[in-house]
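Accompanying notes for the structure given below.
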Amino acid sequence: MIVHTLIYRFPDDAGEDRIQDFFDGLRDITTASGLVSAFGWRPHVLLPVDEGSKGMTATHVAQFSCADVATLRAFSESTAVHEFIAGWRKELEYEAAYANHEQMLPPGSGSESTMFHTEHTVTVEAPADLVYAVLADIEGYARLFPPTESSTILEESETHQIARLVVDVSGQLQSWVTRRDLDRERRIIAYRQLENAPMIQHMGGEWRALPLGDARTQLVITHDFAARPTEAVPSAERATELLSAAVDRNSHADLDAVRREAERRAQRVGSTA
């Protein structure tokens, strides 16, 4: 695995909305390429010493990973990447630096509260609005995702849901409460657990239904998570390994379940048109 770390410095007059647009666009081309396995970005955490430092101090940091150097080279040399850079440099005139390296810290090293970010995606042969409708129907999750025993809404409005999920996790029933913030216009559902399962210190992320045309959608799920040791799994490193494996396994299964249901509904709509 090769990690590509990007250091950005945006001008002082660059608005947060434009910076968000920049990273949304960067995420879109990494997702669409099929060459990038994970992507994330964050604002730089400014220290007092940074104010007087020489050289370039970041305002934001991004990172993505590829299977190997050849894959990273294929992505970096693609037309979409060059067009993206050329267009945005005219708009924001930002500075950038980067480093390519293998993953340096193993999961769980140094602290039981290490945060991890993952991103998984699949292409769905269905309109984005239909895909979003599948995602927003949290009461249907027990039918959609086989490990889910029940999903009960505790609180709901046009812009949010709070629900209790009971899920079969490796043969054991576990329960937690999740909050989901609904952005119907952008077809994004941000989620975070309010009550966690025993081995989870933090779990949050987003579902995104990104239109690729009138009848195709790029479906993305992200996770930001941290594990914690339990009586059954006292090692923080082992807890992180188990949670990371579960996130990866469940992401693929959940994406496939949403894809199949959305495509089934799209076919049904098409057959009655």
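Numbering (the working numbering), first residue to last: 60 to 332.
From the three backbone atoms N, C-alpha and C, an ideal C-beta is built for every residue, glycine too.
Three-state class that DSSP yields for residue i in the structure shown
| i | result |
| --- | --- |
| serine 168 | With a pLDDT of 47 at serine 168, under the threshold of 50, the predicted position of this residue should be treated as unreliable, and no value is reported. |
| tyrosine 157 | strand |
| glutamate 208 | strand |
| leucine 301 | helix |
| glutamate 320 | helix |
| arginine 246 | coil |
| valine 53 | Because the chain here runs from 60 to 332, residue 53 falls outside it and cannot be looked at. |
| leucine 271 | coil |
| phenylalanine 123 | strand |
| phenylalanine 143 | helix |
| serine 137 | coil |
| arginine 327 | helix |
| alanine 129 | helix |
| serine 310 | helix |
| arginine 287 | coil |
| glycine 264 | strand |
| tyrosine 67 | strand |
| isoleucine 61 | strand |
| aspartate 240 | strand |
| leucine 232 | strand |
Chain-order list of residues whose beta-carbon lies under 8 Å from that of residue i (same chain, five-residue window excluded)
| i | result |
| --- | --- |
| glycine 169 | For glycine 169, the pLDDT reaches just 46, beneath the cut-off of 50, and the residue's location in the model is therefore unreliable, although a value from the coordinates is still provided. Excluding positions up to five away in sequence, the list is empty. |
| leucine 174 | Reading the sequence as shown, one finds methionine at residue 174 and not leucine. Closer than 8 Å at Cβ, skipping near neighbours: His261, Asp283, Phe284 and Ala285. |
| leucine 232 | Glu208, Val225 and Val226 |
Nearest residue (CA-CA) to residue i, options the options
| i | options | result |
| --- | --- | --- |
| aspartate 59 | Ile61, Met174 and Trp100 | This structure does not reach residue 59, given that the chain is present from 60 up to 332, and the question cannot be answered. |
| alanine 73 | Val140, Thr118 and Val62 | Thr118 |
| threonine 276 | His282, Leu189, Pro107 and Arg243 | Leu189 |
| alanine 155 | Glu178, Asp196, Ala139 and Thr116 | Thr116 |
| glycine 84 | His141, His63 and Met60 | His141 |
| threonine 64 | Asn159, Ala291 and Glu198 | Asn159 |
| histidine 367 | Met60, Ser96 and Phe82 | This structure cannot speak to residue 367, because the chain is shown only from 60 to 332. |
| valine 120 | Val104, Asp127 and Thr130 | Val104 |
| isoleucine 259 | Thr130, Phe143, Glu290 and Glu217 | Glu290 |
Cβ neighbours of residue i in the same chain (closer than 6 Å, five flanking residues each side left out)
| i | result |
| --- | --- |
| isoleucine 221 | Leu213, Glu214 and Arg238 |
| phenylalanine 98 | Arg86, Thr89, Phe123 and Glu178 |
| arginine 77 | none |
| aspartate 307 | none |
| glutamate 75 | none |
| tyrosine 191 | Arg246 and Ala268 |
| serine 209 | Ala201 and Val225 |
| alanine 145 | none |
| leucine 194 | Ile248 and Trp266 |
Close beta carbons around residue i, own chain, < 7 Å, minus the five adjacent residues each side
| i | result |
| --- | --- |
| arginine 223 | Thr211, Leu213, Ser234 and Val236 |
| threonine 207 | Tyr200, Ala201, Leu224 and Val226 |
| leucine 278 | Thr180, Val181, Val183, Val190, Ala268, Leu314, Val317 and Arg318 |
Assumed close pair residue i, residue j - CB separation to whole angstroms, cut-off 8 Å
| i | j | result |
| --- | --- | --- |
| aspartate 240 | histidine 219 | 5 Å |
| proline 270 | alanine 325 | 13 Å between Cβ atoms; not a contact. |
| glutamate 161 | isoleucine 61 | 6 Å |
| cysteine 125 | leucine 106 | 30 Å between Cβ atoms; not a contact. |
I want to know whether the segment 254-269 touches the segment 60-70 - three or more CB-CB distances under 8 Å. no
Do the segment 299-311 and the segment 212-221 touch if we need at least three Cβ pairs shorter than 8 Å? no
Cβ contact check for the segment 173-183 and the segment 312-328: 3 or more pairs under 8 Å: yes
Taking 8 Å as the cut-off, does the segment 134-154 touch the segment 89-103 (at least 3 CB pairs, one atom from each stretch)? yes
The segment 235-249 / the segment 262-269 touching (three or more Cβ pairs under 8 Å): yes
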